[in-house]
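S.K.: The opening position of the sequence shown corresponds to residue 131 in my numbering, with each subsequent residue numbered one higher.
All C-beta atoms, glycine included, are put in the ideal place defined by N, C-alpha and C.
What you are looking at is a predicted structure, and each value in this text was computed from that prediction instead of being measured.
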Amino acid sequence: MARVTDSTSRASDPTANVTHSPTVADPPPVTNAPKRVMLAAPRGYCAGVDRAVVAVERALELYGAPVYVRKEIVHNKHVVDTLRKRGAIFVDDTDEVPQGSRLVFSAHGVSPAVRQAAIDRDLRTIDATCPLVAKVHREAARFAREGLDIVLIGHEGHEEVEGTAGEAPEYVQIVGSPAEVDRVVVRDPSKVVWISQTTLSVDETQETVDRLRERFPALMDPPSDDICYATQNRQVAVKEIARQVDVMMVVGSANSSNSVRLVEVARQAGTPRAYRVDYAEEISDQWLEGAGTVGVTSGASVPENLVRDVVQHLADRGFTTVEEVTTTVEDLSFTLPRELRAARRGVPAAS
Ligand code: SF4
């Protein structure tokens, strides 16, 4: 069992209830040198992911299987596989859902066109869009009504970006990096505003905004940060420990934008040996060669038991001291989607 110390504000035992995977290879010989883990806090589930996952669980409890979910409810393989076993059916689009069935919209949000397609198919929808994504949708719709050209900083093809752009496709241009700013074409350089995907790198987004402002000095800002609190807090925590570790381990799925950003942020902050894994058994012993301190964090869609498995895997290889480094404490939570709140009060759920 790893020994936990807490140099900051909160003590925890991150290795409690650890389960061993039978597929894990025999650990290499343990030396006498003290080895430790620095565990970032905050990490893992954000309020929007928690709400979305609970929404599918409640829908299954209330209505029974199957409950259809458009796209992955959150970008985490383990979460999706677990819900699938409980009766959730994940589909790419509304036309795969039988007429009249229940369909959950994922935390990443959907465009008005998708909402209309669900209505046309007489689907009973539950909207698990994260309220912080919904906020960006409202901004896009408002700026379009005001006739502004909207530069949406984000990754083309990501579900959240598709949903936000779909609020005003004729006004939105997607820009993925500072290098792409040069291809932006606007109708009136004095009427341009930027908004962003919620899960981007804070620093890279600022570079893109700076580049946009060079081209359009009158560029308008959104009224508040679009990169959400959870994304920002996890990046701050990773930066804090990246300077002090030899290797950084980020738990999260390959399609999780905020998890992939954590790997990039760790590398930029001074840990070139930064890796992303879905599960502990994916960690190669070669990655740990010569390391005295390993940093561990997880993306906003990652359940804590997967982090505990990683910490235990490291403990089995001699990293027995765990120090949790807390850069901020989060206490945000969101109420369930209104369709489920109504159903729990006994009111028939709206479609
Ligand atoms: S990462 Fe941010 S925007 Fe995405 S679900 Fe979590 S809180 Fe919402």
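1. Looking at Val395: is its Cβ nearer than 9 Å to the Cβ of Val368?
2. On the three-state DSSP scale, how would you describe Thr224?
3. Along the chain, where does the beta strand (DSSP E) that runs through Asp356 open and close?
4. What's the gap between the Cα of Val393 and the Cα of Ala399?
5. Which whole-angstrom value is the C-beta distance of Val390 and Val424, which I expect to be below 8 Å?
6. Would the C-beta of Ala445 count as close to the ligand SF4, meaning under 8 Å from any of its heavy atoms?
7. Quick one: grab the DSSP three-state call for Phe273.
8. Suppose you measure from the CA of Phe174 to the CA of Ala445; what does that come to, to the nearest Å?
9. Considering only the alpha carbon of each residue, which of Arg313, Val227, Arg438, Pro261 lies closest to Met379?
10. Would you tell me roughly how many angstroms separate the C-alpha atoms of Gln246 and Trp324, rounded to the nearest one?
11. Which residues does DSSP list as the beta-bridge partners of Asp279?
12. Could you say which of Val440, Val432, Leu436, Thr401 lies nearest to Asp415 if we only look at CA atoms?
13. Does Arg189 come out as helix, strand or coil in the three-state DSSP assignment?
14. Express the C-alpha separation of Val302 and Ile280 in angstroms, rounding to a whole number.
15. Could you give the residue range of the beta strand (DSSP E) that holds Ile256?
16. Less than 9 Å between the beta carbons of Ala170 and Val407, yes or no?
17. Which residue from Ser354, Pro319, Arg317 puts its Cα closest to that of Thr328?
18. Quick one: Cα of Arg181 to Cα of Val263, how far?
M.R.: Considering the structure as presented:
1. yes
2. helix
3. Neither: Asp356 is in no beta strand (DSSP E) and is coded neither H nor E.
4. 10 Å
5. The Cβ separation is near 19 Å, so there is no contact.
6. no
7. helix
8. For clarity, residue 174 is Gly in the given sequence; the question names Phe instead. Each residue's Cα considered, the two are about 20 Å apart.
9. Arg438
10. 27 Å
11. Val322
12. Val440
13. Arg is not the amino acid found at residue 189; the sequence shown has Ala there. In this structure, Ala189 counts as helix in the three-state DSSP scheme.
14. 5 Å
15. 254-257
16. no
17. Ser354
18. 13 Å
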